[in-house]
Amino acid sequence: MQTLLLALFSLAMVQAMRDQSIAVKGRLICGDKPAANVRIKLWEEDSGPDPDDLLEAGYTDSNGEFQLSGGEAELTPIDPIFKVYHDCDDKYIPGHRKVKFLIPKSYITQGKTPKKTFDLGVLNLETIFPKEERELIVSRKRRHHPKQYINEEDSF
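Those letters in the sequence shown? Residues -16 to -1, 1 to 140, per mature numbering (1 follows the signal peptide of the UniProt record, and there is no 0), in order.
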């Protein structure tokens, strides 16, 4: 009997999970130049024992522009976080500056494909943000990013 109740409870939990998605776009600059090749990530941040989920990661293009999207099945509304890892105005200090932005819940859409995109606009990374962090361990792996964008002038 307990096995049957556990199976019914598990089935109810699976049915309650719902697909949710989010998208973010914008342009990053460093002073008056595009912040090209800046590492960016879109996360679904969880509290409690459930680990955070990486929805998508990438790099800004040669103009500093980006667009990320992703989704997750959760019981409760997802908590989307956009993270930027950069060296703007900080070239000679070890590690990268790490800035987190909460994405408004009004941009969360039901289903696997986002129906709305949060436009962060143009953001100057020279700004010193409250609660900014530093990431000392950095992956040098570049995915989906042409080598032509990686050079001294474009590295921030």
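Cβ coordinates follow ideal geometry from the N, Cα and C atoms, glycine included.
| Asked | Found |
| --- | --- |
| Measure the C-alpha to C-alpha separation of E29 and V106 and round it to an integer number of angstroms. | 24 Å |
| Looking only at DSSP bridge pairs, what is D71 linked to? | Paired residues: none, contrary to the question. |
| Look at the alpha carbon of L12 and the alpha carbon of I87, and state the distance between them as a whole number of angstroms. | 16 Å |
| Could you give the distance in angstroms between the alpha-carbon of residue 213 and the alpha-carbon of K67? | What is shown of the chain runs -16 to 140, which leaves residue 213 out entirely. |
| Could you check which residue in G79, Q51, D16 has the C-alpha nearest to that of R118? | G79 |
| Find the nearest neighbour of L109 within the set D63, C72, P61, D37, judged by alpha-carbon distance. | C72 |
| Applying the criterion that 16 or more other CB atoms from any shown protein chain within 10 Å of the CB defines a buried residue, is G15 buried or exposed? | exposed |
| Any idea what DSSP makes of S5, helix, strand or coil? | strand |
| Taking the straight line between their C-alpha atoms, what separation do you get for Q4 and F102? | 15 Å |
| Buried or exposed for G55, going by 16 or more other Cβ atoms inside 10 Å? | buried |
| Report the partner residues of L104 according to the DSSP bridge assignment. | The partner list for L104 (beta bridge, DSSP) is empty, contrary to what the question assumes. |
| Identify the residues that DSSP records as bridge partners of Y43: which are they? | R23 |
| Using the Cα positions of S139 and D45, report the straight-line distance between them to the nearest angstrom. | A caution first: S139 carries a pLDDT of 41, below 50, which makes its placement in the model unreliable, though a value can still be read off. Cα to Cα, S139 sits roughly 12 Å from D45. |
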